[in-house]
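Undergrad: The sequence shown maps to residues 2 to 580 in our numbering.
Can you keep this structure in mind? I'll have questions shortly.
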Amino acid sequence: MSEPSRPAPEQPSRFAIRRTRVLRSAGWAVARARAAVLGSGRWLAHQWRASLQFRVISMTMLLGLVVVLLLGSYLYQQIADGLVSDRVKSATEEAAQGTRAAQTRFDAADRTDPTSLSVLATDLVQQLASPGADHARDVILTRALHNTRTPVVATRLSGDVGLPSVPAELRQAVAADATHQHVQIIATSSSDTGAAVPTVIVGSQVSLPVAGTYELYFVFPMEREQATLKVVAQTFTLGGIALVLMVGAVAYVVTRLVVEPVRRAAEVAERLASGGLHERMRARGQDDLARLAKSFNAMAESLQKQIRQLEDLSRVQQRFVSDVSHELRTPLTTIRMAGDLIHDSRDEFDPSVSRSAELLHDELDRFESLLADLLEISRFDAGAAALDLEATDLRDTVARVVEATVALAERRGSVVRVDAPHRACVAEIDPRRVERILRNLVVNAIEHGEGRPIVVRVSSNGTAVAVTVRDHGVGLRPGEAALVFNRFWRADPARARTTGGTGLGLAIALEDAHLHDGWLQAWGEPGRGSCFRLTLPRRAGVGIDRSPLPLTPEEEQHRSTRGVGGPYQQLGRQAESSR
Numbered sequence: 002m003s004e005p006s007r008p009a010p011e012q013p014s015r016f017a018i019r020r021t022r023v024l025r026s027a028g029w030a031v032a033r034a035r036a037a038v039l040g041s042g043r044w045l046a047h048q049w050r051a052s053l054q055f056r057v058i059s060m061t062m063l064l065g066l067v068v069v070l071l072l073g074s075y076l077y078q079q080i081a082d083g084l085v086s087d088r089v090k091s092a093t094e095e096a097a098q099g100t101r102a103a104q105t106r107f108d109a110a111d112r113t114d115p116t117s118l119s120v121l122a123t124d125l126v127q128q129l130a131s132p133g134a135d136h137a138r139d140v141i142l143t144r145a146l147h148n149t150r151t152p153v154v155a156t157r158l159s160g161d162v163g164l165p166s167v168p169a170e171l172r173q174a175v176a177a178d179a180t181h182q183h184v185q186i187i188a189t190s191s192s193d194t195g196a197a198v199p200t201v202i203v204g205s206q207v208s209l210p211v212a213g214t215y216e217l218y219f220v221f222p223m224e225r226e227q228a229t230l231k232v233v234a235q236t237f238t239l240g241g242i243a244l245v246l247m248v249g250a251v252a253y254v255v256t257r258l259v260v261e262p263v264r265r266a267a268e269v270a271e272r273l274a275s276g277g278l279h280e281r282m283r284a285r286g287q288d289d290l291a292r293l294a295k296s297f298n299a300m301a302e303s304l305q306k307q308i309r310q311l312e313d314l315s316r317v318q319q320r321f322v323s324d325v326s327h328e329l330r331t332p333l334t335t336i337r338m339a340g341d342l343i344h345d346s347r348d349e350f351d352p353s354v355s356r357s358a359e360l361l362h363d364e365l366d367r368f369e370s371l372l373a374d375l376l377e378i379s380r381f382d383a384g385a386a387a388l389d390l391e392a393t394d395l396r397d398t399v400a401r402v403v404e405a406t407v408a409l410a411e412r413r414g415s416v417v418r419v420d421a422p423h424r425a426c427v428a429e430i431d432p433r434r435v436e437r438i439l440r441n442l443v444v445n446a447i448e449h450g451e452g453r454p455i456v457v458r459v460s461s462n463g464t465a466v467a468v469t470v471r472d473h474g475v476g477l478r479p480g481e482a483a484l485v486f487n488r489f490w491r492a493d494p495a496r497a498r499t500t501g502g503t504g505l506g507l508a509i510a511l512e513d514a515h516l517h518d519g520w521l522q523a524w525g526e527p528g529r530g531s532c533f534r535l536t537l538p539r540r541a542g543v544g545i546d547r548s549p550l551p552l553t554p555e556e557e558q559h560r561s562t563r564g565v566g567g568p569y570q571q572l573g574r575q576a577e578s579s580r
C-alpha cells in the first residue's frame with residue numbers, strides 16, 4: 002500500500018525574497034551611515050583637541066556665521082519694513098484717488114433706480130481695479146453695516162478676494178469713521194499658487210444716491226514685495242555662506258602663517274628632547290616669528306652646551322667612582338685580612354683594644370658593602386646593567402629573603418609575616434636583582450619598624466606580580482615618599498644606623514625595578530608606618546595595567562569595598578622572633 006503524499010514545503014515568494022534583500026540592504030546602509038557619523042564625530046573631537054589651527058578657523062567661522070546671521074536678519078527686517086511702508090503709503094494714495102473718483106461718479110449719476118445704480122456700481126468697480134489679469138489692485142463695494150435704506154445694491158467684487166476676507170474690526174472702523182481711510186494688513190491666498198500673501202486693505206465710505214452709505218475697499222496683494230524679499234533672502238543666504246567661507250579661508254591663511262612656525266618649533270623641540278641637540282629652527286626676516294626662532298636657537302645652543310658640560314662631568318664622576326671603587330678593593334683586601342687576624346685574636350687584648358677590634362671588623366663590613374653598592378651604581382650610570390631573566394615564583398624569592406632576615410628581626414623584636422595566595426605568582430625576572438630589592442625593603446622595614454609587626458604580601462593579576470612590605474614604625478613625613486629613593490638620603494640624619502646601611506640600598510632597588518620595566522613606590526605617614534610596593538610585569542616587554550596590591554590603607558579599603566583583590570591567604574611562611 003502506497004504512502005500518502007506529503008505536501009511540498011512552501012517556497013518563499015519573489016516578493017518576500019526581494020523584501021528581505023531590501024531590508025538587509027537598508028540595515029547595512031543605516032549601519033554604515035551610523036559608523037560614518039561616529040567616525041566623523043571622533044575625528045572632529047580629535048582635531049579640536051590636537052590642532053590649534055582647526056580651533057581658530059572653527060571659532061572664526063562660527064563667529065563670522067553669528068555676525069552674518071545677526072546683520073542679515075537686521076538688514077532683512079529693515080528692507081521688509083521699508084517695502085511694507087512704501088506699499089502702504091502708495092496703496093493709501095491710490096485708494097484716496099479711487100475713492101474720490103468713485104464719489105464723483107456717484108454724485109454725477111442722473112438715474113437712481115436700482116438697476117441703473119447696480120450697473121453703475123459694477124462698471125465703477127471694474128474701472129477702479131487693475132485692468133486685465135493683473136491683480137495688483139482689487140476693489141470691493143459693499144453696503145455699510147448701519148445702512149438700512151432701499152433700494153439695495155448688491156456687493157460688487159473685481160477679483161477673487163471676497164467680502165469674508167475683510168476683517169470685521171476693519172469694517173467696524175470704516176462704519177464708525179466716514180471721514181478717514183482705514184488700513185489693515187492681512188493674509189490672502191494667491192490666485193496663481195494658492196500660497197499665503199500679505200495684503201494691504203484700505204477702506205473708506207462713499208455715498209450712493211438714494212441707496213445711502215457704502216463701504217469701498219481697495220485690496221493690494223504684496224506679491225511683488227514678497228518676491229523681492231525672497232530674492233533678498235536668497236542673496237543674503239548665498240552671500241553669507243560665501244562670506245563665512247572667505248572668512249574661514251582668510252583665517253586659514255593667517256593662522257598658517259603663525260601656527261606653522263610654532264609647529265616647526267614643536268618638532269625641533271621634540272627632536273631636541275629625543276637627543277638631537279644639533280637641531281635648530283630656520284630664522285628668516287626681522288619679524289616676531291624670526292625673533293622667536295633666534296631666541297629658540299640661542300636657548301638650544303645654551304642647553305646643548307650645558308648638557309655637554311653635565312655629560313662630561315657625569316662621565317668624570319662615574320669614572321672616578323668606578324676607578325676609586327676598584328682601586329680601593331686591593332688595599333681593602335689587605336686591611337680585611339689584617340682586620341680579620343686582629344678580630345680573631347681580640348680575646349688576647351685588653352678590653353678596650355678588643356672592643357676596637359670588633360668596631361674595626363664591623364666598619365670593614367660596612368665599607369665593603371659601600372664599595373659593592375658604589376660599583377653597582379656605576380654600572381647603572383654607565384648603562385652596563387643587564388638582566389638575566391628566568392621564570393620565577395615570587396613566593397619562593399620572598400621566602401628566601403624573609404628567612405635571611407630572621408636574625409635581624411629577632412634582634413629588633415619584630416615579627417615578619419608573609420601573606421600570599423595558594424596559586425603560583427610566576428614572572429620573568431632576574432632572581433638575583435629582585436631578591437636584592439626585597440632584601441633592601443625588608444631590612445629597611447625592620448630597621449624603622451620599632452619592633453612592631455611587619456607584613457610582606459604577594460599577589461598577581463593578568464599582567465603583573467607585586468610585593469608590598471608594610472611596617473608600623475615611624476612612617477614618613479609629607480613629601481618624603483618621593484625622596485626615599487635618592488642616593489644617601491636619610492629621613493633623620495641624626496638617627497644612628499644600627500644595621501650598617503650604606504644609604505644606596507633603595508636607590509639601587511629603584512634602578513633594579515626600572516630595569517625590569519616595573520614600579521617601586523612608597524607611602525608613609527607619621528605614626529602609621531610606611532609601605533613599599535614592588536610591581537613587576539609577568540612577561541618581559543608587556544606593560545603593566547595595574548598593580549594587584551594596594552599601596553595605601555585608603556586604596557586597600559576602596560578595593561575591599563569594590564570587591565577587588567579579596568583577603569590575602571597566609572602560606573604559613575612566617576618568621577617570628579618569638580620562636
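Heads up, the beta-carbon is just placed ideally off N, CA and C, and yes, glycines get one too.
Please work out which residues of its chain come closer than 6 Å, Cβ to Cβ, to LEU290, disregarding the five sequence neighbours upstream and downstream, and give them in chain order.
TA: Excluding residues within five positions, the ones whose Cβ falls inside 6 Å are PRO262.
Undergrad: Helix, strand or coil for ALA155? Go by DSSP, reduced to three states.
TA: Here ALA155 sits in coil by DSSP.
Undergrad: Excluding five sequence neighbours on each side, which residues of the same chain lie with their C-beta closer than 8 Å to the C-beta of HIS344?
TA: So the qualifying residues of the chain are ALA358, GLU359, LEU361 and HIS362.
Undergrad: Could you check if HIS423 is buried or exposed, using at least 16 other CB atoms within 10 Å of its CB as the buried criterion?
TA: Answer is exposed; the Cβ neighbour count stays below 16.
Undergrad: Are there 16 or more other CB atoms within 10 angstroms of the CB of MET300, so buried, or fewer, so exposed?
TA: Counting Cβ neighbours within 10 Å, MET300 comes out exposed, since fewer than 16 surround it.
Undergrad: Rounded to whole angstroms, what is the Cα-Cα separation between THR334 and LEU342?
TA: Going by the C-alpha atoms only, they are around 12 Å apart.
Undergrad: Excluding the five sequence neighbours on either side, which residues of its own chain have a C-beta within less than 6 Å of the C-beta of ALA425, listed in chain order?
TA: Contacts found: ASP394.
Undergrad: For GLY525, which residues does DSSP report across the bridge?
TA: In DSSP, GLY525 forms a bridge with SER531.
Undergrad: Less than 8 Å between C-beta atoms, sequence neighbours within five positions excluded: which residues of the same chain meet that for ASN298?
TA: Hits under 8 Å: ARG281, MET282 and ALA284.
Undergrad: Nearest-angstrom Cα distance between HIS473 and GLY450?
TA: Approximately 6 Å between the Cα atoms of the pair.
Undergrad: Taking only three categories from DSSP, how would you classify PHE107?
TA: Three-state result, PHE107: helix.
Undergrad: By the 10 Å Cβ neighbour count, where 16 or more other Cβ atoms means buried, how is ILE378 classified, buried or exposed?
TA: Classification of ILE378: buried, given that the 10 Å Cβ count is 16 or more.
Undergrad: Tell me the residue span of the alpha helix (DSSP H) that contains LEU171.
TA: Residues 169 to 177.
Undergrad: Determine the direct distance from the alpha carbon of ASP366 to that of ALA373, and round the result to whole angstroms.
TA: Their backbone Cα atoms lie some 11 Å apart in a straight line.
Undergrad: Considering only the alpha carbon of each residue, which of ARG413, GLY519, GLU302 and VAL444 lies closest to LEU388?
TA: For the residues ARG413, GLY519, GLU302 and VAL444, the minimum Cα distance to LEU388 belongs to GLY519.
Undergrad: Whose CA, out of PRO132, ILE186, SER208 and ARG292, lies closest to the CA of ILE202?
TA: For the residues PRO132, ILE186, SER208 and ARG292, the minimum Cα distance to ILE202 belongs to ILE186.
Undergrad: Work out the CA separation of ALA405 and THR398 for me, nearest whole Å.
TA: Distance between the alpha carbons of THR398 and ALA405 is about 11 Å.
Undergrad: Thinking C-alpha only, which one of TYR215, LEU390 and ARG257 is nearest HIS517?
TA: Answer by Cα proximity: LEU390.
Undergrad: Restricting to Cα atoms, I'd like to know which of TYR77, GLU216 and VAL456 is closest to ALA177.
TA: Nearest C-alpha to ALA177: GLU216.
Undergrad: Where does TRP524 land, buried or exposed, given buried means 16+ other C-beta within 10 angstroms?
TA: Flag for TRP524 reads buried.
Undergrad: Where does TRP490 sit, in a helix, a strand or coil, going by DSSP?
TA: TRP490: coil per DSSP, three-state reduction.
Undergrad: When you compare only the Cα positions, how much space is there between PRO132 and SER208?
TA: One C-alpha to the other measures close to 25 Å.
Undergrad: What's the call for TYR75, buried or exposed, on a 16-neighbour Cβ count within 10 Å?
TA: TYR75 should be labelled exposed.
Undergrad: Give the C-beta separation of ARG330 and GLU429 to the nearest angstrom, bearing in mind that I take them to be a contact with Cβ-Cβ under 8 Å.
TA: Actually they do not touch by this definition, with Cβ atoms about 33 Å apart.
Undergrad: Can you tell me whether ILE509 is buried or exposed? The criterion is at least 16 other CB atoms within 10 Å of its CB, across all chains shown.
TA: Burial call: buried.
Undergrad: With burial defined as no fewer than 16 other Cβ atoms inside 10 Å of the residue's Cβ, what is the status of SER91: buried or exposed?
TA: Flag for SER91 reads exposed.
Undergrad: Considering ALA117, what are the terminal residues of the alpha helix (DSSP H) in which it resides?
TA: First, the amino acid is wrong: residue 117 is Ser here, not Ala. Looking at the DSSP string, the run of the alpha helix (DSSP H) that includes SER117 is 115 to 129.
Undergrad: Could you give the C-beta distance for ILE438 and ARG413, rounded to a whole number, given that I count them as a contact under 8 Å?
TA: Contact doesn't hold; Cβ gap of about 20 Å is too wide.
Undergrad: Do you know how far the Cα of VAL470 is from the Cα of SER579?
TA: Summary for SER579: the model assigns pLDDT 31, below 50, so the residue's position carries little reliability; its value from the coordinates is reported in the next sentence. Straight-line Cα distance between these residues: approximately 20 Å.
Undergrad: What residue does the alpha helix (DSSP H) around THR256 start on, and which one ends it?
TA: THR256 -> alpha helix (DSSP H) spans 224 to 274.
Undergrad: Return the first residue and the last residue of the alpha helix (DSSP H) that LEU209 is part of.
TA: No alpha helix (DSSP H) holds LEU209; the beta strand (DSSP E) holding it covers 197 to 209.
Undergrad: Spatial neighbours of VAL69 within its chain, please: C-beta separation below 7 Å, excluding the five flanking residues on both sides.
TA: GLY241, LEU244 and VAL245.
Undergrad: Excluding the five sequence neighbours on either side, which residues of its own chain have a C-beta within less than 6 Å of the C-beta of ARG380, listed in chain order?
TA: Contacts found: ALA386.
Undergrad: Once DSSP output is grouped into helix, strand and coil, what is the label at SER379?
TA: In the structure shown, SER379 sits in a helix (DSSP, three-state: H, G or I).
Undergrad: By the three-class DSSP mapping on this structure, what secondary structure does PHE1 have?
TA: Absent from the model: residue 1. The displayed extent of the chain is 2 to 580, so no value can be given.
Undergrad: With C-beta atoms as the reference, is VAL175 less than 8 Å away from ALA212?
TA: Going by C-beta atoms, VAL175 is not nearer than 8 Å to ALA212.
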